[in-house]
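Each residue of the sequence shown is one higher than the one before, counting from 2 in this note's numbering.
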Amino acid sequence: MNLNTKDLIICAIFASITAILAQIAIPIPFSTVPLTMQVFAVAISGIILGSKRGFISMLIYVLLGAIGIPVFAQMSGGIGIIFGYTGGFIMAFPIMSLIIGYISEKYNKTIYIVLVMILSLAINYGIGTAWYSIVSGVGFKEGFMVCVAPFIFVDFIKIALATTIGITVKKRLKKEVFVC
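Below, the structure written as C-alpha coordinates:
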(Lines of atoms letter the chains of each structure in order from A and count residues from 1; the text may use other names and numbers.)
(Lines give C-alpha, C1' and ligand atoms only; values in the text may rest on other atoms or scores of the structure.)
Protein backbone atom coordinates (compact mmCIF):
# COMPACT_ATOMS: atom_id res chain seq x y z
CA MET A 1 0.00 0.00 0.00
CA ASN A 2 1.57 3.25 -1.14
CA LEU A 3 0.36 6.38 0.57
CA ASN A 4 1.32 9.80 -0.66
CA THR A 5 1.42 13.00 1.37
CA LYS A 6 -2.18 13.87 0.50
CA ASP A 7 -3.36 10.45 1.73
CA LEU A 8 -1.51 10.82 5.03
CA ILE A 9 -2.93 14.31 5.56
CA ILE A 10 -6.45 13.07 4.86
CA CYS A 11 -5.94 10.16 7.28
CA ALA A 12 -4.69 12.58 9.95
CA ILE A 13 -7.69 14.85 9.38
CA PHE A 14 -10.10 11.95 9.88
CA ALA A 15 -8.23 10.80 12.98
CA SER A 16 -8.65 14.37 14.25
CA ILE A 17 -12.35 14.41 13.39
CA THR A 18 -12.77 11.18 15.34
CA ALA A 19 -10.94 12.70 18.31
CA ILE A 20 -13.21 15.75 18.22
CA LEU A 21 -16.38 13.68 17.93
CA ALA A 22 -15.22 11.44 20.77
CA GLN A 23 -15.52 14.44 23.06
CA ILE A 24 -19.26 14.47 22.53
CA ALA A 25 -19.60 11.98 25.38
CA ILE A 26 -22.67 11.47 27.50
CA PRO A 27 -22.12 9.29 30.59
CA ILE A 28 -24.73 6.58 31.01
CA PRO A 29 -25.55 5.98 34.71
CA PHE A 30 -25.86 2.20 34.44
CA SER A 31 -22.88 1.64 32.13
CA THR A 32 -19.12 2.16 32.22
CA VAL A 33 -19.26 3.02 28.50
CA PRO A 34 -20.21 6.62 27.61
CA LEU A 35 -22.39 7.49 24.63
CA THR A 36 -20.08 9.10 22.05
CA MET A 37 -19.99 10.00 18.36
CA GLN A 38 -16.96 7.79 17.69
CA VAL A 39 -19.02 5.16 15.87
CA PHE A 40 -20.32 7.87 13.54
CA ALA A 41 -16.77 9.06 12.81
CA VAL A 42 -15.48 5.53 12.23
CA ALA A 43 -18.35 4.69 9.89
CA ILE A 44 -18.05 7.87 7.86
CA SER A 45 -14.27 7.41 7.54
CA GLY A 46 -14.81 4.01 5.93
CA ILE A 47 -17.33 5.33 3.42
CA ILE A 48 -15.46 8.48 2.43
CA LEU A 49 -11.85 7.28 2.64
CA GLY A 50 -12.26 3.68 1.58
CA SER A 51 -10.68 0.61 3.11
CA LYS A 52 -6.99 1.52 3.22
CA ARG A 53 -7.19 5.17 4.20
CA GLY A 54 -10.13 4.53 6.53
CA PHE A 55 -8.17 1.79 8.28
CA ILE A 56 -5.07 3.97 8.57
CA SER A 57 -7.02 6.97 9.87
CA MET A 58 -8.54 4.87 12.64
CA LEU A 59 -5.20 3.19 13.37
CA ILE A 60 -3.67 6.66 13.78
CA TYR A 61 -6.51 7.58 16.14
CA VAL A 62 -6.02 4.44 18.26
CA LEU A 63 -2.23 4.83 18.36
CA LEU A 64 -2.44 8.51 19.32
CA GLY A 65 -4.70 7.58 22.20
CA ALA A 66 -2.54 4.62 23.19
CA ILE A 67 0.56 6.80 23.57
CA GLY A 68 -1.32 9.13 25.89
CA ILE A 69 -2.70 11.89 23.71
CA PRO A 70 -6.21 12.60 25.07
CA VAL A 71 -8.20 11.74 21.95
CA PHE A 72 -10.61 9.24 23.49
CA ALA A 73 -13.93 10.07 25.14
CA GLN A 74 -13.82 12.60 27.96
CA MET A 75 -10.32 13.77 26.92
CA SER A 76 -8.75 10.50 27.97
CA GLY A 77 -5.77 8.68 26.52
CA GLY A 78 -3.10 6.20 27.42
CA ILE A 79 -2.53 2.49 27.25
CA GLY A 80 -4.75 2.09 30.32
CA ILE A 81 -7.78 3.05 28.22
CA ILE A 82 -6.84 0.50 25.56
CA PHE A 83 -6.49 -2.20 28.22
CA GLY A 84 -9.52 -0.92 30.15
CA TYR A 85 -13.22 -1.68 29.85
CA THR A 86 -13.79 0.10 26.52
CA GLY A 87 -10.51 -0.88 24.88
CA GLY A 88 -12.04 -3.61 22.74
CA PHE A 89 -14.48 -1.20 21.14
CA ILE A 90 -11.65 1.25 20.42
CA MET A 91 -9.33 -1.46 19.06
CA ALA A 92 -12.10 -2.59 16.71
CA PHE A 93 -12.40 0.85 15.06
CA PRO A 94 -9.73 0.24 12.37
CA ILE A 95 -11.34 -3.12 11.50
CA MET A 96 -14.76 -1.50 11.35
CA SER A 97 -13.54 1.24 9.00
CA LEU A 98 -11.66 -1.29 6.84
CA ILE A 99 -14.75 -3.45 6.34
CA ILE A 100 -17.03 -0.49 5.61
CA GLY A 101 -14.47 0.97 3.22
CA TYR A 102 -13.95 -2.31 1.37
CA ILE A 103 -17.65 -2.88 0.74
CA SER A 104 -18.33 0.74 -0.17
CA GLU A 105 -15.46 0.63 -2.70
CA LYS A 106 -16.44 -2.72 -4.16
CA TYR A 107 -20.23 -2.37 -4.33
CA ASN A 108 -20.97 1.35 -3.86
CA LYS A 109 -24.71 0.73 -3.50
CA THR A 110 -26.66 2.14 -0.59
CA ILE A 111 -28.17 -1.21 0.43
CA TYR A 112 -24.73 -2.84 0.64
CA ILE A 113 -23.36 0.08 2.61
CA VAL A 114 -26.28 -0.11 5.06
CA LEU A 115 -25.74 -3.86 5.47
CA VAL A 116 -21.99 -3.49 5.99
CA MET A 117 -22.63 -0.76 8.54
CA ILE A 118 -24.78 -3.17 10.53
CA LEU A 119 -22.21 -5.97 10.11
CA SER A 120 -19.30 -3.76 11.17
CA LEU A 121 -21.25 -2.50 14.16
CA ALA A 122 -21.96 -6.11 15.16
CA ILE A 123 -18.24 -6.90 14.85
CA ASN A 124 -17.40 -3.87 16.99
CA TYR A 125 -19.99 -4.96 19.54
CA GLY A 126 -18.60 -8.50 19.58
CA ILE A 127 -14.96 -7.50 20.00
CA GLY A 128 -15.82 -4.77 22.50
CA THR A 129 -18.09 -6.97 24.59
CA ALA A 130 -15.63 -9.87 24.60
CA TRP A 131 -12.88 -7.50 25.75
CA TYR A 132 -15.13 -5.94 28.40
CA SER A 133 -16.05 -9.42 29.67
CA ILE A 134 -12.39 -10.41 29.96
CA VAL A 135 -11.34 -7.18 31.69
CA SER A 136 -14.29 -6.99 34.07
CA GLY A 137 -14.62 -10.70 34.75
CA VAL A 138 -18.31 -10.85 33.81
CA GLY A 139 -19.96 -13.14 31.29
CA PHE A 140 -20.50 -12.13 27.68
CA LYS A 141 -24.27 -11.76 28.16
CA GLU A 142 -23.85 -9.44 31.14
CA GLY A 143 -21.17 -7.50 29.25
CA PHE A 144 -23.53 -7.15 26.30
CA MET A 145 -26.30 -5.84 28.56
CA VAL A 146 -23.98 -3.22 30.07
CA CYS A 147 -21.91 -2.19 27.04
CA VAL A 148 -24.12 -2.71 24.02
CA ALA A 149 -27.84 -2.96 24.77
CA PRO A 150 -28.18 0.65 26.01
CA PHE A 151 -26.55 1.95 22.81
CA ILE A 152 -28.09 -0.13 20.00
CA PHE A 153 -30.87 2.30 19.10
CA VAL A 154 -28.63 5.37 19.15
CA ASP A 155 -25.86 3.56 17.25
CA PHE A 156 -28.32 2.65 14.50
CA ILE A 157 -29.24 6.32 14.22
CA LYS A 158 -25.53 7.20 14.03
CA ILE A 159 -24.82 4.67 11.28
CA ALA A 160 -27.92 5.80 9.35
CA LEU A 161 -26.64 9.39 9.52
CA ALA A 162 -23.12 8.29 8.61
CA THR A 163 -24.47 6.37 5.62
CA THR A 164 -26.51 9.31 4.35
CA ILE A 165 -23.83 11.93 4.96
CA GLY A 166 -20.96 9.68 3.86
CA ILE A 167 -22.54 8.76 0.52
CA THR A 168 -23.46 12.40 -0.16
CA VAL A 169 -20.01 13.72 0.74
CA LYS A 170 -18.26 10.98 -1.26
CA LYS A 171 -20.28 11.87 -4.37
CA ARG A 172 -19.47 15.56 -3.93
CA LEU A 173 -15.78 14.89 -3.37
CA LYS A 174 -15.58 12.74 -6.50
CA LYS A 175 -16.81 15.75 -8.46
CA GLU A 176 -14.20 17.92 -6.75
CA VAL A 177 -11.43 15.32 -7.28
CA PHE A 178 -10.18 15.80 -3.73
CA VAL A 179 -10.47 12.63 -1.68
CA CYS A 180 -11.92 9.85 -3.77
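Even for Gly, the Cβ is constructed at its ideal location relative to N, Cα and C.
Selected residue, minimal CA-CA separation from residue i, among the options
{"i": "LEU65", "options": "LEU50, GLY81, LEU116", "result": "GLY81"}
{"i": "PRO35", "options": "ILE57, THR165, ALA150, VAL170", "result": "ALA150"}
{"i": "ILE112", "options": "ILE25, ALA26, THR164", "result": "THR164"}
{"i": "PHE31", "options": "CYS148, GLY88, PHE154", "result": "CYS148"}
{"i": "PHE15", "options": "LYS176, ASN5, PHE41", "result": "PHE41"}
{"i": "PHE157", "options": "MET38, ILE11, ARG173", "result": "MET38"}
{"i": "TYR133", "options": "ALA20, PRO28, GLY89", "result": "GLY89"}
C-beta atoms of residue i and residue j nearer than 7 Å
{"i": "GLY167", "j": "ILE68", "result": "no"}
{"i": "ASN125", "j": "MET146", "result": "no"}
{"i": "SER52", "j": "TYR103", "result": "yes"}
{"i": "VAL43", "j": "PHE94", "result": "yes"}
{"i": "THR130", "j": "GLY140", "result": "no"}
Exposure label - residue i; buried when at least 16 CB within 10 Å
{"i": "TYR86", "result": "buried"}
{"i": "THR6", "result": "exposed"}
{"i": "LEU122", "result": "buried"}
{"i": "ILE128", "result": "buried"}
{"i": "LEU174", "result": "exposed"}
Cβ distance (whole Å) where residue i is taken to contact residue j below 8 Å
{"i": "VAL63", "j": "ILE91", "result": "6 Å"}
{"i": "ILE49", "j": "LYS159", "result": "Actually they do not touch by this definition, with Cβ atoms about 15 Å apart."}
Start-to-end residues for the alpha helix (DSSP H) that takes in residue i
{"i": "ALA190", "result": "Residue 190 lies beyond the range of the chain shown here (2 to 181); nothing can be said about it."}
{"i": "ALA123", "result": "111 to 137"}
{"i": "THR6", "result": "6 to 23"}
{"i": "PHE141", "result": "141 to 148"}
Residue i Cβ short of 6 Å to the ligand NAP heavy atom set
{"i": "LYS159", "result": "Only the bare structure without any ligand can be found here, which leaves the ligand NAP out of the picture."}
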